[in-house]
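Going by the numbering used here, the first residue of the sequence shown is number 11, and it counts up by one from there.
Cβ coordinates follow ideal geometry from the N, Cα and C atoms, glycine included.
Structure record follows, encoded as structure tokens.
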Amino acid sequence: MNKRIVLGITGASGSIFGIKVFESLHQLGFEIHLIISKPGEKVIKMENNLTTSYFQKKGIYIYSPDEIEAPISSGSFKNIGMVIAPCSMATLGAIANGVGNNLIHRAADVTLKEKRKLILLIRETPLNEIHIKNMLKIARAGGVIMPACPAFYNKPKTIDDLVTHLTSRVLDQLGIDNNLTQRWEKE
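What follows is the structure in structure tokens.
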């Protein structure tokens with residue numbers, strides 16, 4: 011099985027989701043190709059007091075958003091898919107409208123054109139009509155729109171419980187077996 015994943019982290023609030031997806035994929039032994047937008051770097055620092063060095067220490071591939079010549083910008087770069095967590099509405103709009111002005115947008119565009127799994131963990135509320143139309147465009151193009159909505163049937167006790175459950179659902183969408191969270195069981 012191909013164990014390469016492309017991960018984008020943008021400047022939407024909720025960078026903890028991208029960090030948790032990253033940590034979970036890393037623990038499962040996936041080859042992670044990471045792009046963090048410039049606003050994403052700021053939000054990671056502000057919300058989690060982390061810098062890109064946190065990711066660099068893990069021995070993964072990290073690209074600058076300006077690095078459009080990176081291997082992940084080509085359809086010939088084999089991977090199982092791409093996750094953008096969190097996905098800002100600016101990134102959603104760029105992808106939905108085919109605007110590839112940075113590596114996150116370009117890698118997402120390539121993911122769609124190659125019919126690979128593209129998962130956008132959107133983080134915005136309320137949504138306006140433009141956001142909804144852009145989500146519909148991406149869904150029609152084959153992408154998966156996953157709002158960062160927590161589940162409560164598993165009786166979460168901490169923020170980490172909420173984030174881990176959603177991370178498990180992201181991995182499910184990629185077809186990655188995991189036991190990060192309690193599954194729904196009828197009692």
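How would you label T61, buried or exposed, when you count the other beta carbons within 10 angstroms and need 16 or more for buried?
exposed
From which residue to which residue does the alpha helix (DSSP H) around R116 run?
113-123
What is the rounded straight-line gap between the Cα of K165 and the Cα of S23?
24 Å
From what residue to what residue does the alpha helix (DSSP H) around K167 run?
First-last for K167: undefined, no H or E at that position.
Could you name the residues of the same chain whose beta carbon sits closer than 7 Å to that of G108, not counting the 5 residues immediately before and after it, in chain order?
D119
Reducing DSSP to helix, strand and coil, say where G18 ends up.
strand
Quick one: is the Cβ of I142 within less than 7 Å of any heavy atom of the ligand MN?
With respect to the ligand MN, the structure shown offers nothing to examine, as it has no ligands at all.
Per the DSSP calculation, M156 is bridged to which residue(s)?
BP columns for M156 point to L131.
Is the number of C-beta pairs between the stretch 90-98 and the stretch 58-72 that are closer than 8 Å three or more?
The answer is no - the stretch 58-72 does not touch the stretch 90-98, with fewer than three Cβ pairs under 8 Å.
For K30, is the classification buried or exposed, using 16 other Cβ atoms within 10 angstroms of its Cβ as the cut-off for buried?
buried
What does the alpha-carbon distance come out to for the pair I78 and V16?
So the alpha carbons of these two residues sit roughly 14 Å apart.
Secondary structure of G50, DSSP reduced to three states:
helix
Does the Cβ-Cβ distance between S34 and P75 come in under 8 Å?
no
Please look up how many angstroms separate the CB atoms of L131 and V93, rounded, as I've assumed it's under 8 Å.
Indeed they touch by this definition, with Cβ atoms about 7 Å apart.
What span of residues does the beta strand (DSSP E) with L95 cover, start to end?
In the sequence as presented, Leu is not what sits at residue 95; that position holds Ala. Segment 91-97, the beta strand (DSSP E) holding A95.
Which word fits S84, buried or exposed, when buried means at least 16 other C-beta atoms lie within 10 angstroms of its C-beta?
Exposed, since its Cβ has fewer than 16 Cβ neighbours within 10 Å.
Identify which residue in R179, D170, G153 has its Cα closest to the Cα of G91.
Nearest to G91 by C-alpha distance, out of R179, D170, G153, is G153.
When the Cα atoms are used, what is the spatial distance from L150 to H141?
Contrary to the premise, residue 150 reads as Arg rather than Leu in this sequence. Going from the Cα of R150 to the Cα of H141 covers about 14 Å.
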